[in-house]
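Numbers 19 to 357, taken from the working numbering, label the letters of the sequence shown in order. For glycine and all other residues, C-beta sits at the position ideal for the given N, C-alpha and C. Beneath this line is the structure, given in C-alpha cells, with notes to follow.
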Amino acid sequence: MDSENTLNYLKSGVDLNKAANLKENMKSLLSKHQKEHNIGNFGGLFEIKDYKNPVLISSTDGVGSKLLVYSELNKYNLLGQDLVNLSVNDIVCIGAYPLFFLDYIAVEKINEENILSIIQGIVKACEENNCKLVGGETAQMAEVYTEGKFDLAGFIVGISEKNKIKNKSNTKSGDLLIGIPSNGIHTNGYSLVRKVFKIEKNKQILYEHFDELNSTLGEELSKPHISYFPLIKKIQNYMKISAHITGGGFIENIPRVINENLDAIINYGSWEINPIFNLIQKYGKISDQEMFNVFNMGIGLVVVSTKDNSKKILSENKNATIIGYLKENQNLKSKVIIN
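Given below as C-alpha cells:
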C-alpha cells in the first residue's frame, strides 16, 4: 500500500511522538508529585488523614482571555500560576484547605516549551498553596482550535471539617465588609480590556509605557492573580465568610455570600482604586456601574465580619480596610448599593 496515501493519526492533526516526548520531559517537573500521587496512572490518588467529619469542596475555572495577553507576552508560566491561585481562592472563601489540583490543556498542536512553562507555573503555585498536583490532560485538537490557539482549565478539591464550613446564614445586619486589596485586574474583564486598548489590532501597545501605571501596559496586565489562602488561614476564626471578587465584580459576587434579607452597602472612596481601572474607564468611556459589574476595582476579596472581630482581621493585613456594611432589606433579594 502506498504510504503517502495512507491515513494516520499524525495526518489527522495528532502527533503521538510529541505527546510522548512532552510526558517524558514533564517528569522532572512532576517528580515530587508523581511519587506521592501516582501521576501518569489512569487516576490520581490522594489519601485523607486526620479529619473527623470531612467535607470535600470542589471548584473548576479557567483564566479566560487573559491567556491571550500571556501568550502575546510569552509569559506562560504566569498563566499556570493564575490557574491555581484563582481556583484556590474560590474554595478557601468558605473555609476549605486545598488538597489537590488537576489541569486540562487543549491545543491546536503541541508546543512543548510553552506547555512545560505552563506546568512549571502550576507546580510552583501548587507548592505555594500546599496543594498537590495529582494529574492532568493535554489534548491535541487541530480541528477545534485554529493555529496557535489553546485553552486550559483547572480543577481543585479542598477539605474542611463539616462544622467549620463558612455559611452565609450567619451573616447579619450590622456586619462589616472588609476589603482585601487586589494587585490589579486579576483574571476577569480581559475581553473588555482588550477591546478598550484595541490589543487585537495593535499588540505593540502592550509594550508602551503609561505614566499612570508607572509601567508598560503589558506589565500591568500580566500581574499574577493573588492567592488569599495565606491570609485566610490566619483570619478564618474571625471571619463569617468571604467573597472572591471575580467575574461579575462586586455586583454579582457579594450577594452570593450574604443572606437574602440583606443588602451590601459599599462606601465608594473608602479604598484606593488601582490606576489601571481609572485608565480603563477613561480610555473606554465606561460607566461606574459597568466598572463595578465587571472588575474587582482594587478589592480582590471581601470578608464579612462582626465589628469586634474586624480589628483582628485588619491587623493581619495592613492594606485591608472597611469598605461597607450589611443592612436589612424588605424584598428578600440581596443587592449591592454603592454610595
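(request) Pull up the CB-CB distance for Ser-200 and Gly-316, whole angstroms please, since I reckon it's below 8 angstroms. (result) About 6 angstroms; that satisfies the 8 angstroms criterion.
(message) Suppose you measure from the CA of Ile-284 to the CA of Ile-341; what does that come to, to the nearest Å?
(response) C-alpha separation (whole angstroms): 6 angstroms.
(message) Taking the beta carbon of Asp-121 as the centre, do at least 16 other beta carbons fall within 10 Å, making it buried, or is it exposed?
(response) By the 10 Å Cβ count, Asp-121 comes out buried.
(request) Answer yes or no: do Pro-242 and Gln-138 have a C-beta to C-beta separation smaller than 8 angstroms? (result) no
(request) Figure out for me which residue from Lys-127, Leu-210, Glu-145, Ser-333 has the closest Cα to the Cα of Pro-116. (result) Answer by Cα proximity: Glu-145.
(message) Quick check on Lys-325: buried or exposed, where buried means 16 or more other Cβ atoms within 10 Å of its Cβ?
(response) Exposed, by the Cβ-count rule.
(request) Can you tell me which of the three DSSP states Gln-307 falls into? (result) helix
(request) Name the residue from Ile-276, Ser-135, Asp-306 whose alpha carbon lies nearest to the alpha carbon of Lys-93. (result) When only C-alpha atoms are compared, the closest one is Ser-135.
(request) Quickly, what does DSSP pair Glu-146 with across the bridge? List them, please. (result) Paired residue(s): none; Glu-146 is not in a bridge.
(request) Just grab the DSSP bridge partners of Ile-263 for me. (result) Note: Ile-263 sits in no beta bridge, so no partner.
(message) Taking 8 angstroms as the threshold (C-beta atoms), are Leu-224 and Leu-210 in contact?
(response) no
(request) Look up Ala-124 in the DSSP assignment and give the residues it is bridged to. (result) Ala-157, Asp-169
(message) Quick check: the segment 187-199 against the segment 213-231, are at least 3 beta-carbon pairs closer than 8 angstroms?
(response) no
(request) Take the Cβ of Gly-287 as the centre, count every other Cβ of all protein chains shown within 10 Å, and call the residue buried at 16 or more, exposed below. (result) Using a 10 angstroms sphere on the CB of Gly-287, the tally of other CB atoms stays under 16, which defines it as exposed.
(request) Provide the residue(s) that pair with Gly-197 in DSSP beta bridges, ordered along the chain. (result) Val-320, Thr-339
(request) Determine the DSSP secondary structure at Tyr-359, reduced to helix, strand or coil. (result) Look at the range of the chain in this structure, 19 to 357, and you will see that residue 359 is not part of it.
(message) Does Thr-164 pass the burial test, meaning 16 or more other C-beta atoms within 10 Å, or should it be called exposed?
(response) Per the 10 Å Cβ criterion, exposed.
(message) For a quick check, are the C-beta atoms of Ile-276 and Ile-183 less than 8 angstroms apart?
(response) no
(request) With a 10 Å radius around its C-beta and 16 neighbouring C-beta atoms as the bar for buried, classify Ile-133 as buried or exposed. (result) Counting the other Cβ atoms within 10 Å of the Cβ of Ile-133 gives 16 or more, which makes it buried.
(request) Look at the alpha carbon of Leu-91 and the alpha carbon of Tyr-301, and state the distance between them as a whole number of angstroms. (result) 22 angstroms
(message) Distance check for Val-87 and Val-321, CA to CA, integer angstroms please.
(response) 30 angstroms
(message) I'd like the list of long-range same chain contacts for Asn-279, defined as Cβ closer than 7 angstroms, with 5 residues on each side in sequence excluded.
(response) Cβ within range, chain order: Glu-346, Asn-347, Leu-350.
(request) Let me know if Lys-303 comes out buried or exposed under the rule of 16 or more other beta-carbons within 10 Å of its beta-carbon. (result) exposed
(request) Go through its chain and collect everything with a Cβ distance to Ile-331's Cβ below 7 angstroms, but skip five positions before and after it. (result) Ile-196, Ile-253, Tyr-256, Met-257, Val-321, Ser-323, Ala-338
(request) List the DSSP bridge partners of Val-73. (result) Bridge pairing for Val-73: Ser-178 [DSSP].
(message) Can you tell me whether Thr-205 is buried or exposed? The criterion is at least 16 other CB atoms within 10 Å of its CB, across all chains shown.
(response) buried
(message) Assuming Ile-140 and Ile-109 are in contact, meaning their beta carbons sit under 8 angstroms apart, how far apart are those beta carbons, in whole angstroms?
(response) Ile-140 to Ile-109, Cβ: 16 angstroms. No contact.
(request) Please report the residue range of the alpha helix (DSSP H) in which Asp-326 lies. (result) Residue range 325-334 is occupied by the alpha helix (DSSP H) that includes Asp-326.
(request) State the DSSP-derived secondary structure class of Glu-346, mapped to helix, strand or coil. (result) strand
(message) One question on the structure: do Cys-149 and Val-106 come within less than 8 angstroms of each other, judged by their Cβ atoms?
(response) Yes; because the gap between Cβ atoms is below 8 angstroms, this pair is in contact.
(message) Between Arg-274, Lys-127, Glu-230, which has its C-alpha nearest Thr-189's C-alpha?
(response) Arg-274
(request) Return the first residue and the last residue of the beta strand (DSSP E) that Ile-284 is part of. (result) Where Ile-284 is concerned, the enclosing beta strand (DSSP E) stretches over 280-284.
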